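S.K.: Protein chains in written order, with my numbering: chain P, 1 to 113; chain A, 114 to 228.
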Amino acid sequence: AAGVIQSPRHLIKEKRETATLKCYPIPRHDTVYWYQQGPGQDPQFLISFYEKMQSDKGSIPDRFSAQQFSDYHSELNMSSLELGDSALYFCASSLVGTDYGYTFGSGTRLTVV
Amino acid sequence: AQSVSQHNHHVILSEAASLELGCNYSYGGTVNLFWYVQYPGQHLQLLLKYFSGDPLVKGIKGFEAEFIKSKFSFNLRKPSVQWSDTAEYFCAVTPFSGGYNKLIFGAGTRLAVHP
């Protein structure tokens, strides 16, 4: 069965650079969530989209932005990267109104040097 | 605000020992409850979930959890752990509202199983 696909798997950037992370949800899922998991930390919710509109916002820095496109894939854009942005970034998708739950992608490990 | 508390941050067991990981949440309404497992270097995988019905939920790999509404708890159990269960376990909750609310995670419990 198709899963949530994230790209790239690993990314190394320098401070002050920009990064774009991509998430392709399970087909027919209409909601995408982004989480940030620092080393030894629990996942922290960043932002979510339902039907291409932002549905909720968590602890996402102003330097970050995200959107969901017409094909339901989502991109997380990160600018002016800082060392503290080094983390594992997860995307999850779900289908509203069902009890299928949330499916997580394998994550993008971002290292800022 | 909703929150999830996991009682133990680190648990060390020998193989064949029984496991119980505590999870309590704070939310007055109906919730959906989840346990996820994260093996070293890997992504979160769903162990089991509770939406409604039988409060005793069976998941994959021999895990089960019991929802006790009066105690706001959703403890994870396994009768006999294996070395391969070494991982981090996250309890998560989302208010029931059709399914597009964010998951709120607990701090996680790191389980180490020794042969």
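Cβ atoms here follow ideal geometry from the backbone N, Cα and C, with glycine treated the same way.
What you are looking at is a predicted structure, and each value in this text was computed from that prediction instead of being measured.
Can a CB atom of chain P be found closer than 8 Å to the CB of His156/A?
M.R.: Yes, His156/A counts as interfacial toward chain P.
S.K.: Since Leu216/A meets chain P, which of its residues come closer than 9 Å, beta carbon to beta carbon?
M.R.: Tyr33, Tyr35, Pro43, Phe45, Ala92, Tyr102, listed in chain order.
S.K.: In chain A, which residues lie with their C-beta within 7 Å of the C-beta of Gly38/P?
M.R.: Simply none; closest approach about 12 Å.
S.K.: Short of 6 Å in beta carbon distance, which residues of its chain neighbour Leu132/A, apart from the five on each side in sequence? Order them along the chain.
M.R.: Hits under 6 Å: Lys191, Val194.
S.K.: Evaluate the contact criterion for the stretch 59–79 of chain P versus the stretch 43–51 of chain P: three or more CB pairs, one atom per stretch, below 8 Å.
M.R.: yes
S.K.: Return the Cβ separation of Leu159/A and Asp198/A in integer angstroms, given the expectation that the two are a contact with Cβ distance under 8 Å.
M.R.: Not a contact, Cβ separation roughly 15 Å.
S.K.: Could one say the Cβ of Ser162/A lies closer than 8 Å to chain P's Cβ atoms, at least one of them?
M.R.: Note that residue 162/A corresponds to Lys in the displayed sequence, not to Ser. Chain P, which has a Cβ nearer than 8 Å to the Cβ of Lys162/A, makes this yes.
S.K.: For Ser86/P, which three-state DSSP category applies?
M.R.: coil
S.K.: For the beta strand (DSSP E) that Ser7/P lies in, which residues bound it at each end?
M.R.: For Ser7/P, the uninterrupted beta strand (DSSP E) segment begins and ends at 5–7.
S.K.: State buried or exposed for Gln6/P, treating a residue as buried only when at least 16 other CB atoms are found within 10 Å of its CB.
M.R.: buried
S.K.: Can you tell which of His227/A, Phe203/A, Val226/A, Asn214/A has its C-alpha closest to the C-alpha of Gln37/P?
M.R.: Cα-wise, what sits closest to Gln37/P is Phe203/A.
S.K.: Step through the CB atoms of chain P and report whether any lies within less than 8 Å of the CB of Leu169/A.
M.R.: No, because no Cβ of chain P sits closer than 8 Å to the Cβ of Leu169/A.
S.K.: Nearest CA to the CA of Lys15/P: which residue from Ser79/P, Tyr35/P, Tyr24/P, Pro25/P?
M.R.: Ser79/P
S.K.: Alpha carbon to alpha carbon, how far is Ile26/P from Glu51/P? Give it in angstroms, no decimals.
M.R.: For the pair Glu51/P and Ile26/P, the Cα-to-Cα distance works out to about 14 Å.
S.K.: Looking at Leu21/P and Leu76/P, is the spacing between their C-beta atoms short of 8 Å?
M.R.: It is a contact, given that the beta carbons lie within the stated cut-off.
S.K.: If the criterion is Cβ atoms closer than 8 Å, does the pair Ala73/A and Tyr149/A meet it?
M.R.: Residue 73/A lies beyond the residue range present for chain A, which begins at 114 and ends at 228; the question has no answer from this structure.
S.K.: So Phe90/P and His156/A are in contact, right, with Cβ under 8 Å, and what is the actual spacing, rounded?
M.R.: 6 Å
S.K.: Does Ser7/P come within less than 8 Å of chain A when only Cβ atoms are used?
M.R.: no
S.K.: Indicate whether Ser86/P and Cys23/P have their beta-carbon atoms separated by less than 8 Å.
M.R.: With respect to the 8 Å criterion, Ser86/P and Cys23/P are not classified as neighbours on the basis of their beta carbons.
S.K.: Can you confirm whether Ala220/A, when its beta carbon is compared against all beta carbons of chain P, has any partner nearer than 8 Å?
M.R.: yes
S.K.: Please report the residue range of the beta strand (DSSP E) in which Tyr163/A lies.
M.R.: 157–163
S.K.: How should Val113/P be labelled, buried or exposed, when 16 other C-beta atoms within 10 angstroms of its C-beta is the threshold for buried?
M.R.: With fewer than 16 other Cβ atoms inside 10 Å of its own Cβ, Val113/P counts as exposed.
S.K.: Run through the stretch 119–150 of chain A for me and flag every whole beta strand (DSSP E) of 3 or more residues, listed as ranges in chain order.
M.R.: 123–127, 132–134, 136–139
S.K.: Against chain A, which members of the stretch 44–70 of chain P pass a CB distance test of less than 7 Å?
M.R.: Phe45, Ser48, Tyr50, Ser55, Asp56, Gly58
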